[in-house]
Structure formats: C-alpha cells, structure tokens
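Colleague: Counting with this note's numbering, you get residues 19 to 315 for the letters of the sequence shown. Quick reminder that beta carbons are idealized off the backbone N, C-alpha and C, glycines included.
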Amino acid sequence: MEKTPDILCIGAVLWDIIGRSASHMRLGSDVPGRITRLPGGVAMNIAMTLGRFGMAPAVLCATGRDAEGDALLSEAETFGIITDYAYRSEDLPTDRYMAVEGANGLIAAIADAHSLEAAGAKILRPLEDGRLGTLDRPWSGPIALDGNLTVDLLHTIAHSPLFRAADLRVAPASPGKAERLLALVGHPGVTLYVNLEEAGLLCQCEFSDSSAAAMGLMQRGVTHVLVTDGGRAAADGLSGDIITHCPPSVLVTRVTGAGDTFMAAHIVSERAGMDRATSLARAAKAAATYVSGDTPL
C-alpha cells in the first residue's frame with residue numbers, strides 16, 4: 019500500500035561517490051584519503067534531512083531496475099523516505115555523482131544524471147494519475163524541486179496546472195546548472211535557494227554579498243529567495259525585504275550536501291510556523307553543523 023507523504027522531493031536520487039582528503043589539493047594532486055559511497059542527489063539529500071527533522075518525504079525520481087537502484091531505494095527507506103512513487107526504468111541505469119574534496123573545499127565533481135534527464139516527465143506521473151493529485155485536484159503541499167531536471171521539464175512545471183497550488187522550494191544542482199532555474203522565475207509559488215555564485219550566474223553579474231544577491235534576484239522577479247555564502251552571512255529576501263544571519267564558525271570537514279541541508283532545515287522551520295529570522299538562523303546552524311561532520315537535528 020502506498021504511503022501518504024507530507025512533502026515531495028522531485029529530482030536526483032543517486033549514489034554519491036565521494037573522495038575526501040585532509041590535505042589541501044590542487045589540479046593533479048595525488049593524496050591519501052577516504053572514498054565513500056552514500057545515497058545522494060539533491061532530492062535525496064533534502065529528503066534525508068527532512069526525515070531526520072520528523073517529516074514524511076516522498077521522492078519522485080528515476081532509478082534503474084538494477085541492483086544499484088534496488089540498494090539505493092532500500093537505503094532511502096531506512097531514512098524514513100517514501101519510495102513508492104519512484105519511476106523505475108527497465109533500460110536506464112541508476113545515476114551517480116562523483117566528487118573530490120580536500121581541506122580547501124570541493125576540488126571537482128561530475129554528476130551523471132543522464133537517467134533522470136532521459137526519464138523526463140515520467141517521474142511526474144503520480145501527480146496526475148490520482149496517486150498524489152490530478153489536474154482538477156493538484157497537489158497543494160510543499161515540493162522540494164531539484165535543478166537537475168531539464169530546462170524543458172522545468173518549463174513544464176512552471177506552466178503546468180499540476181503545480182498551480184504547490185509551495186515550490188527550488189535549488190540548483192550545481193553552479194553549472196543554475197541558469198536552468200530561470201524557467202521558474204516569476205512563478206508566484208517559488209522559493210529559490212542558491213549560493214552566491216549561483217545567484218550571480220542567474221543575474222549574469224557578480225555580487226559582493228548575499229544581501230546584494232537577494233536584492234538582485236528579487237529585481238529579476240523572484241518573490242522569495244534564500245542566498246548562502248559559505249561561512250559568511252546568509253540572506254532571506256521576501257517581496258523586497260531582506261534579513262541576514264551569520265552562521266556559527268565551525269571546522270569544515272565536508273561540503274557536498276551543505277546547501278541541501280540548509281534548504282531542508284529552512285523548509286521544516288517554516289512548516290513549523292517559525293518566523294523568518296528564526297527559520298534562517300536554524301537553517302544556517304543546521305548547515306554549519308553538517309559541514310562540521312555532525313548530523314544536524
């Protein structure tokens with residue numbers, strides 16, 4: 019029997035293969051470290067954090083009907099994630115993401131999300147076939163949307179009646195894919211989560227800080243935006259008003275997934291009825307706790 023979620027996470031659910039070293043690295047570095055394989059992808063990272071905060075997230079994603087896909091969804095369920103609505107492809111492999119991190123941050127990463135892109139609108143079927151909604155009675159709850167989706171699919175979401183009642187929370191998968199989110203600018207139900215670099219790419223300029231970036235995005239038509247800037251102050255811009263909060267200083271031991279943790283903690287805080295300042299502070303603290311190597315709760 020399919021379970022009923024209270025939030026949907028749409029996008030990449032894949033295996034994260036992460037190499038981490040305590041050494042500073044540069045191009046061509048060959049250093050000792052650890053290599054791990056963990057459930058990942060923007061949608062998965064957000065869903066895992068939402069689950070830790072007590073929500074019941076479901077993932078709308080694409081995985082292969084292969085051993086890696088079976089293992090990935092089984093692992094997701096241990097985090098309290100509902101996988102009943104995942105699209106399982108007979109001919110597409112389960113996606114993967116590979117990154118190398120040093121003491122000086124992310125060195126390089128490659129996202130192999132080709133199966134998600136190839137599946138396209140098939141991952142949205144539960145929103146129209148009655149399982150999670152229909153055209154007449156669309157899903158009216160929160161949705162965490164991943165920028166790994168294709169530009170065409172993001173355009174479809176921006177204009178589809180299936181999403182007209184949804185609270186859309188959107189994050190780019192990476193700076194390289196940030197410009198895809200322009201398809202959603204102007205949608206009244208969108209809250210955008212970006213870092214300083216991604217904000218600059220969306221506005222085609224450089225910003226000195228998160229406040230300036232939030233203002234720039236609101237001037238482009240984004241109603242609500244959250245901008246992070248590593249260990250510097252994060253900003254929340256809503257209908258022209260901006261508030262900021264500086265995260266606590268921590269020793270950084272990992273970076274992949276920090277933005278997803280920030281987004282999930284902010285969603286949970288707002289859904290719990292907390293005000294903007296409290297929600298921003300709680301999200302910044304959760305992200306700082308995450309990068310320090312601890313689990314944010």
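(1) Can you look up P57 in the DSSP assignment and give me helix, strand or coil?
(2) Does the stretch 177-184 come close enough to the stretch 46-57 that 3 or more CB-CB pairs lie under 8 Å?
(3) To the nearest whole angstrom, what separates the beta carbons of R55 and D34, a pair I think is in contact under 8 Å?
(4) Classify R187: buried if its beta carbon has 16 or more other beta carbons within 10 angstroms, exposed otherwise.
(5) Compute the Euclidean distance between the alpha carbons of A74 and M43, then round it to the nearest angstrom.
(6) With DSSP run on the structure shown, which of helix, strand or coil describes G17?
(7) Would you call L145 buried or exposed, if buried means 16 or more other Cβ atoms sit within 10 Å of its Cβ?
(8) Roughly how many whole angstroms lie between the Cα atoms of A137 and G72?
(9) Look at the Cβ atom of G148, then the Cβ atom of L199, and state whether they are nearer than 8 Å.
(10) Measuring alpha carbon to alpha carbon, tell me which residue in P111, P190, I141, A94 is nearest A104.
(11) Any contact between the stretch 154-161 and the stretch 24-40? By contact I mean 3 or more CB pairs, one from each, below 8 Å.
(12) Hey, how far is the Cα of L150 from the Cα of R143?
(13) Taking all protein chains shown into account, do 16 or more other C-beta atoms lie within 10 angstroms of the C-beta of T246, making it buried, or fewer, making it exposed?
(14) Would you kindly check if the distance between the Cβ of L244 and the Cβ of A251 is under 8 Å?
(15) When you compare the CB positions of F280 and A305, do they come within less than 8 Å of one another, or not?
(16) State the start and end residues of the unbroken beta strand (DSSP E) segment that holds E119.
(17) Rounded C-beta distance between V77 and A89? I'm assuming under 8 Å.
(18) May I have the straight-line CA-CA distance separating D113 from T81, to the nearest angstrom?
(19) Mapping DSSP to helix, strand and coil, what is H132?
(20) Given that a residue counts as buried once 16 or more other Cβ atoms are within 10 Å of its Cβ, and exposed if not, what is C223?
(21) Would you call the stretch 254-269 in contact with the stretch 283-301, where contact means no fewer than 3 C-beta pairs closer than 8 Å?
(22) CA-CA distance, F225 and D109?
(23) I need the straight-line Cα distance from N63 to D154, nearest angstrom please.
(24) How far does the alpha helix (DSSP H) with H177 in it extend, from its first residue to its last?
(25) According to DSSP, A252 sits in a beta bridge with which residue or residues?
(26) If A189 and D278 are in contact, beta carbons under 8 Å, what's the gap, nearest whole angstrom?
Modeller: Let's see:
(1) The residue given as residue 57 occupies position 39 in the sequence shown. Here P57 sits in strand by DSSP.
(2) no
(3) Residue 55 sits at position 37 when you count from the first residue of the sequence shown. Residue 34 sits at position 16 when you count from the first residue of the sequence shown. Contact holds; Cβ gap of about 7 Å.
(4) Mapped onto the sequence shown, residue 187 falls at position 169. It is buried - the Cβ of R187 has at least 16 other Cβ atoms within 10 Å.
(5) By 1-based counting over the sequence shown, the position of residue 74 is 56. By 1-based counting over the sequence shown, the position of residue 43 is 25. Taking the straight line from one Cα to the other gives about 39 Å.
(6) With the chain covering 19 to 315 only, the question about residue 17 has no answer from this structure.
(7) As a position in the sequence shown, residue 145 is number 127, starting the count at 1. By the 10 Å Cβ count, L145 comes out buried.
(8) Start at 1 with the first residue of the sequence shown, and residue 137 comes out as number 119. Start at 1 with the first residue of the sequence shown, and residue 72 comes out as number 54. Rounded to the nearest angstrom, the two C-alpha atoms are 30 Å apart.
(9) Within the sequence shown, numbered from 1, the residue matching residue 148 stands at position 130. Within the sequence shown, numbered from 1, the residue matching residue 199 stands at position 181. Result no, Cβ atoms of G148 and L199 do not sit closer than 8 Å.
(10) If you number the sequence shown from 1, residue 104 lands on position 86. Taking only the C-alpha atoms, the option nearest A104 is I141.
(11) yes
(12) Stepping through the sequence shown from its first residue, residue 150 is reached at position 132. Stepping through the sequence shown from its first residue, residue 143 is reached at position 125. Distance between the alpha carbons of L150 and R143 is about 9 Å.
(13) Counting from 1 along the sequence shown, the entry for residue 246 is found at position 228. When all chains shown are included, T246 counts as buried.
(14) Residue mapping note: residue 251 aligns to position 233 of the sequence shown, counting from 1. Residue mapping note: residue 244 aligns to position 226 of the sequence shown, counting from 1. No, the pair does not count as a contact, with Cβ atoms beyond the cut-off.
(15) Reading the sequence shown from its first residue, position 262 is the one you call residue 280. Reading the sequence shown from its first residue, position 287 is the one you call residue 305. In contact: F280 and A305 (Cβ atoms closer than 8 Å).
(16) In the sequence shown, residue 119 corresponds to position 101, counting from 1. Residues 114-120.
(17) Residue mapping note: residue 77 aligns to position 59 of the sequence shown, counting from 1. Residue mapping note: residue 89 aligns to position 71 of the sequence shown, counting from 1. The Cβ separation is near 15 Å, so there is no contact.
(18) Locating residue 113 in the sequence shown gives position 95, where the first residue counts as 1. Locating residue 81 in the sequence shown gives position 63, where the first residue counts as 1. Going by the C-alpha atoms only, they are around 7 Å apart.
(19) Stepping through the sequence shown from its first residue, residue 132 is reached at position 114. Here H132 sits in helix by DSSP.
(20) For the purposes of this step, residue 223 is taken as residue 205 along the sequence shown, with counting starting at 1. Exposed.
(21) yes
(22) Mapped onto the sequence shown, residue 225 falls at position 207. Mapped onto the sequence shown, residue 109 falls at position 91. If you take the alpha carbons of F225 and D109, they lie about 44 Å apart.
(23) Here residue 63 refers to the residue found at position 45 when the sequence shown is read from its first residue. Here residue 154 refers to the residue found at position 136 when the sequence shown is read from its first residue. In a straight line, the C-alpha of N63 is about 31 Å away from that of D154.
(24) Stepping through the sequence shown from its first residue, residue 177 is reached at position 159. From DSSP, the alpha helix (DSSP H) with H177 extends over 169-177.
(25) The residue labelled residue 252 in the question sits at position 234 within the sequence shown. In DSSP, A252 forms a bridge with H263.
(26) For this step, residue 189 is matched to residue 171 along the sequence shown. For this step, residue 278 is matched to residue 260 along the sequence shown. The pair is a contact, with the Cβ atoms about 7 Å apart (cut-off 8 Å).
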